[in-house]
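Mapping of the sequence shown onto our numbering: residues 4 to 253, in sequence order.
Quick notes on the structure that follows.
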Amino acid sequence: MSRLLRLRDYILISAAFGAEIFEEVRLAGGILPSAMQNMYGFVPSKYKRRSYLTKVSEMLSVGDIKREVDSKGRSYLVLSSSGKEKFRRKFRIFRDSHKWDGFFMIASFDIAEKKRKTRDFIRGKLIELGFGMLQESVWVSPYHFEEDLKELTETYRLEDEVLVLTAKSLFSDDITKQAEKIWRLGKINKGYKAVIKNVEKTKVSKNMQKYIDKAFEIYTETLSKDPLLPKKLLPKNWLREKALNALNNI
4 MSRLLRLRDY ILISAAFGAE IFEEVRLAGG ILPSAMQNMY GFVPSKYKRR
54 SYLTKVSEML SVGDIKREVD SKGRSYLVLS SSGKEKFRRK FRIFRDSHKW
104 DGFFMIASFD IAEKKRKTRD FIRGKLIELG FGMLQESVWV SPYHFEEDLK
154 ELTETYRLED EVLVLTAKSL FSDDITKQAE KIWRLGKINK GYKAVIKNVE
204 KTKVSKNMQK YIDKAFEIYT ETLSKDPLLP KKLLPKNWLR EKALNALNNI
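The structure is reproduced here in structure tokens:
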């Protein structure tokens, strides 16, 4: 289970790198390639360019993004104030640069079947924040999102149905093995491996741009599924940094 990127999400990410929010994300650990600063016009392969430009126009009209021009006359997108807030809320985990304190946040809920939509929404929000499913209706994260969950439970009047607590000890055996199972890190790592393969193809293919675009697209989608766990919880062969370096060296 993972967050699904919509077309507007790609545009928000692109626009974030034309504004000062780029510094916030970059300082959070260097998880997005520097080349993404120039991604205005990049269209994920599953979308038509016309659809992309239509969505850009829509977001410009509602004020989520702005178009600016650099010293060479090239257009690029930046986030407006409202766009920055939407970016921060949608990709909140991107800017969490705090050192892990060794504690886990656990969210457990028991919501009646008649409230299925609410239950699914809560589950989706936990996934968006990077929580992994420990057991059915029991979710865990090494980061703290007390304020987010408090807002959710109060908004939907679920204070008596959602339990939030912290724990120092969570795993009974190999911590990295358990983390890999909970967050499906193997599948995510395959995404980073695919990024590296596409970058390597740019060195031998006549259609270099095709593989560059594909590499950026896969990286963005893979990163959206990555819970950005502390290094202590990651497998030794974790490929995110290698994939990022490959993109930065294109």
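C-beta: ideal position from N, C-alpha, C; glycine also.
All values derive from a computational prediction rather than experimental measurement.
Lys69 and Ser83 do touch by the CB rule: their CB atoms are close to 5 Å apart, below 8 Å.
DSSP links Gly135 through a beta bridge to Val143. If you look at Leu188, you'll find it isn't in any beta strand (DSSP E); it sits in the alpha helix (DSSP H) that goes 188-204. Annotated as proximal: Ile109 and Ala170, with beta-carbon spacing under 7 Å. For Ser83, the three-state secondary structure derived from DSSP is coil.
By the beta-carbon neighbour count (other beta carbons within 10 angstroms, threshold 16), Val202 is buried. By the 16-neighbour rule on beta-carbons within 10 angstroms, Val141 is exposed. Straight-line measurement puts the Cα of Arg91 at about 30 Å from the Cα of Lys239.
Asn248 sits exposed, since fewer than 16 C-beta atoms from the chains shown fall within 10 Å of its C-beta. Arg92 carries a helical assignment under DSSP once its states are collapsed to helix, strand and coil. Taking Leu155 as the centre and dropping the five residues before and after it, the same chain places the C-beta of Ile125, Lys128, Leu161, Val165 closer than 8 Å to its C-beta, in chain order.
Each residue's CA atom was taken as its position, placing Leu237 and Asp177 some 11 Å apart.
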